[in-house]
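Take a look at the structure set out below.
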Amino acid sequence: MEGLQAWLTNQNWTESLTFLLDVGLVLALTYMVLLVIAERRTLWMVRGFIFLMLAAAASNRLGLTLLSFVLSNLVIGSAVAMAVILQSEARRFLEQLGRGDILNMLRPTRQGVQGPKTVLDEIVDAVKELSQNRTGALLILETQDIPIDERDFSVPGIRLSAEISRELIQTIFQTSTLLHDGAILIRGARIVAAGVILPISERTASRQLGTRHRAAMGITERVENCICVVVSEETGSISLAEQGTLNRPLTSSKLKELLEARVNPSVDEVVTPSLRGIRRQLREKSLALLPRLPFPGSRKKT
């Protein structure tokens with residue numbers, strides 16, 4: 001108790017209030033930036049940048065000169081890179097800030113990506129129509145959160161990072177497009193790449209199986225955390241490859257049932273936290289760290 005009284009007596013409240021105001025303004029600015037950002041990967045990048053800034057400030061405060069110099073330059077380089085990568089987000093943020101829409105920026109928004117059932121419906125509907133039109137197709141679906149190593153592909157293909165839709169899948173596999181001769185890689189609720197060339201299985205397969213079926217068997221033999229959906233160009237039959245084995249022929253309803261049982265249901269959904277929830281979390285963490293918080297001017301004067 002005496003130690004707490006001595007700390008309160010020697011505390012420089014002006015510097016402490018300035019410190020709290022500084023931290024509060026930084027948190028408010030960070031919150032506004034996160035509201036503008038829409039994608040989960042971009043959020044991770046911003047969080048990494050914030051971590052670098054905090055590490056640079058901490059190293060400077062602790063007197064670690066060399067580490068502070070390296071981190072400060074790394075922060076500058078990261079800021080320049082992010083300004084190039086996040087051009088649209090930065091432009092939208094500056095436009096809202098210039099119009100004075102600060103209150104609107106602080107309002108919580110919710111941007112939901114397609115849920116897992118909607119994603120599977122889009123995939124199954126696209127496969128069904130491709131099958132009816134006898135258009136060959138090959139789709140790779142990751143079944144776990146661990147991404148497939150691109151080195152397992154013969155050719156990684158062209159990166160797309162597009163939301164899954166029935167129309168997009170059908171368009172990719174039209175013979176008049178440049179990306180039809182290959183597979184599309186689906187991760188969560190997005191098409192990551194198209195025109196992916198897969199290794200061919202070395203197993204002795206039936207003569208009725210074409211290159212797409214053998215490619216589906218080859219990648220599922222090599223990679224455990226994926227399955228492949230194949231649409232035959234000759235017969236229009238639907239097949240599902242898993243661990244090097246083909247399950248065929250399938251109806252669209254049976255395909256959906258198998259996908260629901262095997263595909264990881266976790267799909268990225270961007271939900272901007274409400275200001276009330278952030279305030280409650282900050283209050284709880286602040287109360288937990290308050291006895292150990294090194295406020296400026298807390299050292300005893302000698």
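Residue numbers for the sequence shown follow UniProt numbering, beginning at 1 and rising by one. Even glycine gets a Cβ: it sits at the ideal position worked out from N, Cα and C. Here the structure is a predicted model, which is why all the values come from computation and not from measurement.
Burial state of residue i, where buried means 16 or more other Cβ atoms lie within 10 Å
i: I76; result: exposed
i: G188; result: buried
i: V267; result: Any answer about V267 is weak, because its pLDDT of 44 lies below 50 and its placement is not dependable; what the coordinates show is given next. It is buried - the Cβ of V267 has at least 16 other Cβ atoms within 10 Å.
i: S176; result: exposed
i: E142; result: buried
i: Q114; result: Because Q114 sits at a pLDDT of 49, beneath the cut-off of 50, its placement in the model cannot be relied upon, and the point is left open.
i: R151; result: exposed
i: V80; result: exposed
i: I227; result: buried
i: T220; result: buried
i: S274; result: Here S274 scores only 45 on pLDDT, less than 50, and its place in the model should not be relied on; the value that follows carries that caveat. Under this definition S274 is an exposed residue.
Whole-Å CB distance - residue i paired with residue j, under 8 angstroms assumed
i: A194; j: L160; result: 6 angstroms
i: K254; j: L120; result: K254 to L120, Cβ: 13 angstroms. No contact.
i: N225; j: Q144; result: 4 angstroms
i: L209; j: F153; result: The Cβ separation is near 20 angstroms, so there is no contact.
i: M82; j: F51; result: Incorrect: roughly 13 angstroms between the Cβ atoms, too far for contact.
i: G136; j: E233; result: 3 angstroms
i: I140; j: V196; result: 7 angstroms
Close beta carbons around residue i, own chain, < 7 angstroms, minus the five adjacent residues each side
i: S72; result: A56
i: Q170; result: A126, E129, L130
i: L67; result: S59
Beta-carbon contacts of residue i that lie in its chain and below 8 angstroms, excluding the five residues immediately before and after
i: A162; result: L168, R190, I191
i: I164; result: Q114, V119, E122, I123, I186, A189, R190, I191
One or two residues paired with residue i in a DSSP bridge
i: V119; result: In DSSP, V119 forms no bridge with anything.
i: E163; result: R190
i: I227; result: L141
i: V46; result: Bridge partners of V46: none, in fact.
i: T245; result: E242
i: V155; result: I197
i: L250; result: I238
i: A183; result: V196
Cβ shell of residue i (< 6 angstroms), same chain only, five flanking positions each side left out
i: V230; result: L138, R212, H213, A216, S239
i: V223; result: I148, D152
i: L53; result: Looking at the sequence shown, residue 53 is not Leu but Met. Excluding residues within five positions, the ones whose Cβ falls inside 6 angstroms are V75.
Would you be able to state if there are at least three C-beta pairs under 8 angstroms between the region 173-182 and the region 239-249? no
Contact the region 119-132 vs the region 235-245: 3+ CB pairs below 8 angstroms: yes
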